[in-house]
Amino acid sequence: MNNMGKYNGIGRNQLVGNAGLYYVCYELSKRGWNAMPTSRNARGVDVVIYNQKGSNSHTIQVKALSKRSPVPFGKTLSNLIAEYVVVVTDIFNQPKLYIVDTPTVKSLIHEGLKDGRRSYWFQPNDYEQFKDNWSLLGNPY
Numbered sequence: 022m023n024n025m026g027k028y029n030g031i032g033r034n035q036l037v038g039n040a041g042l043y044y045v046c047y048e049l050s051k052r053g054w055n056a057m058p059t060s061r062n063a064r065g066v067d068v069v070i071y072n073q074k075g076s077n078s079h080t081i082q083v084k085a086l087s088k089r090s091p092v093p094f095g096k097t098l099s100n101l102i103a104e105y106v107v108v109v110t111d112i113f114n115q116p117k118l119y120i121v122d123t124p125t126v127k128s129l130i131h132e133g134l135k136d137g138r139r140s141y142w143f144q145p146n147d148y149e150q151f152k153d154n155w156s157l158l159g160n161p162y
């Protein structure tokens, strides 16, 4: 049951982020990856995954949203250091996942300038082509 209507502001954003992080770990585990979330609010990498043999690993940044929206990346891309970005939309109802490698994200990201301040956004029309793109991560077995 979705009781998120009573939450708003910063607390809601943290709940969305937490739900997205653990949902991505759940989905990775179902697919055979060993998934380890990092400390919350650590810069850049949210999840480290490795295959069943322990011979291959990847880093992931999770961006969770409560609905279909542009993904905010803040005022600099210097924190975008993970190999992959997983966008989760509609996290509390019917989550949808989009798996993209970071160089592709950087090539598609939109830069905004308002009142002399820069911001970066990944638009839905750009990330939706990567829905359920799990094969990008390779084989976990």
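Going by the numbering used here, the sequence shown opens with residue 22, and the numbers climb by one from there. Just so it is clear, CB atoms sit at the ideal spot from N, CA and C, and this is done for glycine as well.
L42 to S76, Cα distance in whole Å?
Counting from one through the sequence shown, the residue named residue 42 turns up at place 21. Counting from one through the sequence shown, the residue named residue 76 turns up at place 55. One C-alpha to the other measures close to 24 Å.
Considering only the beta carbon of each residue, do N39 and P161 sit closer than 7 Å?
As a first step, residue 39 is located in the sequence shown; it is residue number 18 there, counting from the start. As a first step, residue 161 is located in the sequence shown; it is residue number 140 there, counting from the start. The answer is no: Cβ separation not under 7 Å.
Look at E132 and Y141 and say whether their C-beta atoms are less than 7 Å apart.
In the sequence shown, the residue the question calls residue 132 occupies position 111. In the sequence shown, the residue the question calls residue 141 occupies position 120. Taking 7 Å as the Cβ cut-off, E132 and Y141 qualify as a contacting pair.
May I ask you to report which of helix, strand or coil DSSP gives M22?
Mapped onto the sequence shown, residue 22 falls at position 1. In this predicted model, M22 has a pLDDT of only 47, less than 50, meaning its place in the structure is not dependable enough to derive any value.
So Y162 is in the alpha helix (DSSP H); what residue range does that whole segment cover?
For the purposes of this step, residue 162 is identified with residue 141 of the sequence shown, where counting begins at 1. That residue, Y162, is in no alpha helix (DSSP H); it is neither H nor E in DSSP.
Using the Cα positions of W155 and V45, report the straight-line distance between them to the nearest angstrom.
Here residue 155 corresponds to residue number 134 of the sequence shown, with the count starting at 1. Here residue 45 corresponds to residue number 24 of the sequence shown, with the count starting at 1. Each residue's CA atom was taken as its position, placing W155 and V45 some 11 Å apart.
Indicate whether the contact test is met: 3 or more Cβ pairs, each with one atom in the region 80 to 91 and one in the region 51 to 69, closer than 8 Å.
yes
Could you round the C-beta distance between V106 and K84 to whole angstroms and report it? I think they count as a contact, below 8 Å.
Indexing the sequence shown from 1 puts residue 106 at position 85. Indexing the sequence shown from 1 puts residue 84 at position 63. Right, their Cβ atoms sit about 6 Å apart.
Exposed or buried, which one is L134 when buried takes at least 16 other CB atoms within 10 Å?
Working through the sequence shown from its first residue, we reach residue 134 at position 113. L134 should be labelled exposed.
I need the straight-line Cα distance from V69 to D136, nearest angstrom please.
Translated into the one-based positions of the sequence shown, residue 69 becomes position 48. Translated into the one-based positions of the sequence shown, residue 136 becomes position 115. C-alpha separation (whole angstroms): 37 Å.
Taking just the CA atoms, how far does Q144 sit from I120?
In the sequence shown, the residue the question calls residue 120 occupies position 99. In the sequence shown, the residue the question calls residue 144 occupies position 123. If you take the alpha carbons of I120 and Q144, they lie about 14 Å apart.
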